[in-house]
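The structure under discussion appears below in the form of structure tokens.
Protein chains: 2
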Amino acid sequence: MRTIKWQDGTVITIDQTRLPLETVTLKIKTVDEMAEAIKNLRVRGAPLLGAAAAYGLALAACNSNATCESELLADLEDAVQTLKSTRPTAVNLFWAADRVLGKARDFRGRVEETKAIVVQEAQRIADEDAEANLAMGENGAALINDGDVILTHCNAGELATVEYGTALGVIRAAWKQGKKIKVIATETRPLLQGARLTAYELKRDGIPVTLITDSMVGYVMQKRLVNKVIVGADRIVQDAVVNKIGTFTAAVLAHEHGVPFYVAAPKSTFDLTRTASEVIIEERKPAEVTHYGGQQVAAEGIGVLNPAFDITPLKYVTAIIYEGGVYYQKDFAKFKAGISP
Amino acid sequence: MRTIKWQDGTVITIDQTRLPLETVTLKIKTVDEMAEAIKNLRVRGAPLLGAAAAYGLALAACNSNATCESELLADLEDAVQTLKSTRPTAVNLFWAADRVLGKARDFRGRVEETKAIVVQEAQRIADEDAEANLAMGENGAALINDGDVILTHCNAGELATVEYGTALGVIRAAWKQGKKIKVIATETRPLLQGARLTAYELKRDGIPVTLITDSMVGYVMQKRLVNKVIVGADRIVQDAVVNKIGTFTAAVLAHEHGVPFYVAAPKSTFDLTRTASEVIIEERKPAEVTHYGGQQVAAEGIGVLNPAFDITPLKYVTAIIYEGGVYYQKDFAKFKAGISP
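In structure tokens, the structure reads:
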């Protein structure tokens, strides 16, 4: 099922903040509505943010009153700024926005034709993500054995992508091949994407899933209750994987216990011109940590840290699974050079 | 301030499930009420559970209608069973219950005198815990330097003890010595003792505290935002520290980053006749993980793990601080043999 769709000038998606208790459809009609949805995590997940940014530009194009090409490009440039100001870490958003804008700039056609080109390119980005996930699933499933118990963190599933998922795409592909696997999902504080989204997706698909708190990752590894870890990524730079806060903690524990640690992410997540030190880690508002469901939990007046992501150096990563194949540790020099494994 | 007190045949304490938003005094009048308070974590923290069990027996003694010594002992034995059936992991509860019962058995006096002896022994256990924490604080403060930023997990503070705290007792002692330290407190899912209790205690005492989710422990260590870890313990066996779920995760991360990892706990927590494999880890109900404040968070019908504790092998522990001094790694053979460091 597609998580995001273009329908007669409107973007149709699900409000992910309401899952799993309610399935609320969002009909997004403007780039500002799209930016709001991204900022507030109604739409989230690095690959999905790529498609969302692309569709955001499609909305800006369709809503533009431009009478000439340069006015339309100016409107699109404004929309790119609006979208890029939402969340700084997932690279797919920047990549997709730049790709659609570049297409419009290169086209140099009339206004209505350019609008059509923008919509077409957004559709193409969404379609490519769905295809990449299917290919990634096949590539990754080869690493999964019958009987594996796989730990995953946050949600790198259908809901984080246009379709199928990255880390959960690999799990789905292995399951479809008849491998009897089980999943342990971390709840992923503060916003509980694991409890709310990953557990929901897997349960719906009939794949056995057990929920733990983030603090139990060490426990399940020490007790040998998991034998593989697969996570997604918000950005993969030359020397590290940037992903949901808690990923690094899981990677160190996997390393300590000799548990393979896999990252599944499409090429649109690769940012090979940068290193970890250049990545901006989004710091979100303290209330996400001190409150729950509008209800205060923690004492008043204390300090709070709330980085949304952390950085896992590649030395902790066993392999990177993408639509083109699998980079193992021995292939990481090729990965950095942008060469196929 | 005493967390637990004996007042005219009633035990006065605080309902810790209501903090920090409400300060509700509990007046516990029977051993069954005490058992309920322990089971539901209204009264929690290993050293406090020792005093609570002892006072529970004092309540059983005072409420007993026994007309002879053997009837009173039978009532006390029933009360010991009730108290021991509440929570299986913290050893102080077992130790204190057995100590008070032993005292009554050895006394062999008349009913009213034995009742008085039971109350007196319970008071003594409470007083000893308060004294042990003060001594532990002094011993541990010597390990803390001006400018340290200390990570702590769960609540090993005044609220977990009769007075002053174990891990937070060390922090309080260092602070009183004028060392300008800061604390990073993990929220400690699922029951948020860090967010609710540790942050509250430290804020009240004016000690700077910053709250993080459990998933951020790797992040703060990688960024060198902490340079020491101090936690309490529910039980220390020959080869490991048993403490709140998440402690092992923090210990592995500290080890990986070269951050000293200290455990502060009174002798009443030591259980040197056992090894880690013999410790029963309490598994609590799934709703603590799937719900929050009565509100469902996770998808229906999924599996859940909810161990309340985990096991940290001594190889990850830099030193054990107790009322008698400090055992460093080099002293662990003495520790196991029950010899002073």
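Just so you know, the protein sequences line up as chains A and B, in that order.
Taking my numbering, the leading residue of the first sequence gets 1, the next gets one more, and so forth.
Taking my numbering, the leading residue of the second sequence gets 342, the next gets one more, and so forth.
For glycine and all other residues, C-beta sits at the position ideal for the given N, C-alpha and C.
### Task
Closer than 7 Å, Cβ to Cβ, to anything on chain A: give me those residues from the stretch 413-433 of chain B, in chain order.
Against chain A - using a Cβ distance shorter than 7 Å - the stretch 413-433 of chain B contributes no residues.
### Message
Please report whether the beta-carbon of F248 (chain A) lies at a distance below 8 Å from any beta-carbon of chain B.
### Response
For F248 (chain A), the nearest beta carbon of chain B is closer than 8 Å to its own beta carbon.
### Task
Would you verify that the beta carbon of S215 (chain A) is, or is not, closer than 8 Å to some beta carbon of chain B?
By this cut-off, S215 (chain A) is an interface position.
#### Entry: C409 (chain B) classed as buried or exposed, judged by whether at least 16 other C-beta atoms fall within 10 angstroms
Exposed is the call here.
#### Entry: Whole-angstrom distance between A497 (chain B) and L398 (chain B), CA atom to CA atom
Approximately 24 Å, taken between the alpha carbons.
#### Entry: Per DSSP, the bridge partner or partners of G644 (chain B)
In DSSP, G644 (chain B) forms a bridge with A:T210.
### Query
Cβ atoms of Y396 (chain B) and Y292 (chain A): under 8 Å apart, would you say?
Between Y292 (chain A) and Y396 (chain B), the gap from beta carbon to beta carbon reaches 8 Å or more.
### Message
Looking at chain A, is there any beta carbon in it that lies within less than 8 Å of the beta carbon of K544 (chain B)?
### Response
Among the CB atoms of chain A, one or more fall inside 8 Å of the CB of K544 (chain B).
### Query
According to DSSP, is A264 (chain A) helix, strand or coil?
Strand.
### C-beta atoms of F650 (chain B) and N584 (chain B) nearer than 8 Å
Cβ distance < 8 Å, so F650 (chain B) and N584 (chain B) count as in contact.
### Message
Just to confirm my understanding: we take A337 (chain A), look at its own chain, exclude 5 residues before and 5 after, and list those with CB closer than 7 Å. What are they?
### Response
Apart from sequence neighbours up to five positions away, no residue of its chain approaches A337 (chain A) with a beta-carbon distance below 7 Å.
### Query
Tell me the DSSP bridge mates of I12 (chain A)?
Paired residues: A:K5 and A:K27.
### Message
Strictly by DSSP, which residues pair up with K244 (chain A)?
### Response
Beta-bridge partners assigned by DSSP to K244 (chain A): A:F309.
### Anticipated Cβ contact below 8 Å, T213 (chain A) with V558 (chain B), distance rounded
Their Cβ separation, rounded to whole angstroms, is 13 Å, which puts T213 (chain A) and V558 (chain B) out of contact at 8 Å.
#### Entry: Beta-ladder partner(s) of E624 (chain B), from DSSP
In the DSSP output, where bridge partners are listed per residue, E624 (chain B) has B:P648.
### Task
Compute the Euclidean distance between the alpha carbons of Y164 (chain A) and E158 (chain A), then round it to the nearest angstrom.
Distance between Y164 (chain A) and E158 (chain A), taken at the CA atoms: about 4 Å.
### Message
Residues in the same chain with beta-carbon distance under 7 Å from I245 (chain A), minus the five sequence neighbours each way, listed in chain order, please.
### Response
For I245 (chain A), same chain residues with a beta-carbon under 7 Å away, outside a window of 5 residues either side, are P307, A308, F309 and D310 in chain order.
### Query
How big is the Cα-Cα spacing for F589 (chain B) and P429 (chain B)?
If I take the Cα positions, the gap works out to 19 Å.
### Task
Determine the chain A residues that contact Q637 (chain B) at a beta-carbon separation under 9 Å, and present them in chain order.
The answer, in chain order, is P20 and L21.
### Message
Let me make sure I understand the geometry here. Which of B:T529, B:G535, B:Y541 and B:L475 has the alpha-carbon closest to that of E514 (chain B)?
### Response
According to the sequence displayed, residue 514 (chain B) carries Ala and not Glu. Between A514 (chain B) and the set B:T529, B:G535, B:Y541 and B:L475, the nearest pair of CA atoms involves B:L475.
### Query
For a contact meaning CB atoms closer than 8 Å, what does Q563 (chain B) contact in chain A?
Ordered by position in chain A, the residues that pass the 8 Å Cβ test against Q563 (chain B) are F248, D310 and I311.
### Message
When you compare the stretch 519-534 of chain B with the stretch 411-421 of chain B, are there three or more beta-carbon pairs, one atom per stretch, that lie closer than 8 Å?
### Response
With a cut-off of 8 Å, the stretch 411-421 of chain B and the stretch 519-534 of chain B do not count as touching, because too few Cβ pairs lie within range.
### Query
Just how far apart, CA to CA, sit Q329 (chain A) and T318 (chain A)?
Straight-line Cα distance between these residues: approximately 6 Å.
### Task
Find the nearest neighbour of T614 (chain B) within the set B:A592, B:V578 and B:V593, judged by alpha-carbon distance.
Minimum Cα distance to T614 (chain B) is reached at B:V578.
### Under 7 Å (Cβ pairs) to chain A, residues found in the stretch 580-607 of chain B
Sequence-ordered contacts of the stretch 580-607 of chain B with chain A read I586, G587, F589, T590, V593, L594 and E597 [C-beta pairs closer than 7 Å].
### Query
Between V326 (chain A) and chain B, is there a C-beta pair that is closer than 8 Å?
Not flagged as an interface residue toward chain B: V326 (chain A), since no C-beta distance is shorter than 8 Å.
### Separation of G450 (chain B) from S405 (chain B), as counted between CA atoms
Cα-Cα distance, rounded: 15 Å.
### Message
Can you confirm whether T210 (chain A), when its beta carbon is compared against all beta carbons of chain B, has any partner nearer than 8 Å?
### Response
Using beta-carbon distances, T210 (chain A) counts as an interface residue toward chain B, with a partner under 8 Å.
### Task
Count the other CB atoms, across all protein chains shown, that sit within 10 Å of the CB of K103 (chain A); report buried if there are 16 or more and exposed otherwise.
Buried, because 16 or more other Cβ atoms sit within 10 Å of the Cβ of K103 (chain A).
### Query
Relative to the alpha-carbon of T152 (chain A), which residue among A:A254, A:I38, A:E283 and A:D239 has its alpha-carbon at the smallest distance?
For the set A:A254, A:I38, A:E283 and A:D239, the Cα lying nearest the Cα of T152 (chain A) is the one of A:A254.
### Task
Please name the residue in B:Y668, B:L434 and B:K675 whose C-alpha comes closest to that of L484 (chain B).
Of B:Y668, B:L434 and B:K675, the residue nearest in Cα terms is B:Y668.
### Message
Using beta carbons (cut-off 8 Å, strictly below), is G218 (chain A) in contact with chain B?
### Response
Chain B, which has a Cβ nearer than 8 Å to the Cβ of G218 (chain A), makes this yes.
### Query
Do three or more CB pairs link the stretch 531-542 of chain B to the stretch 353-369 of chain B at distances below 8 Å?
With contact defined as three or more Cβ pairs closer than 8 Å, the stretch 531-542 of chain B and the stretch 353-369 of chain B are in contact.
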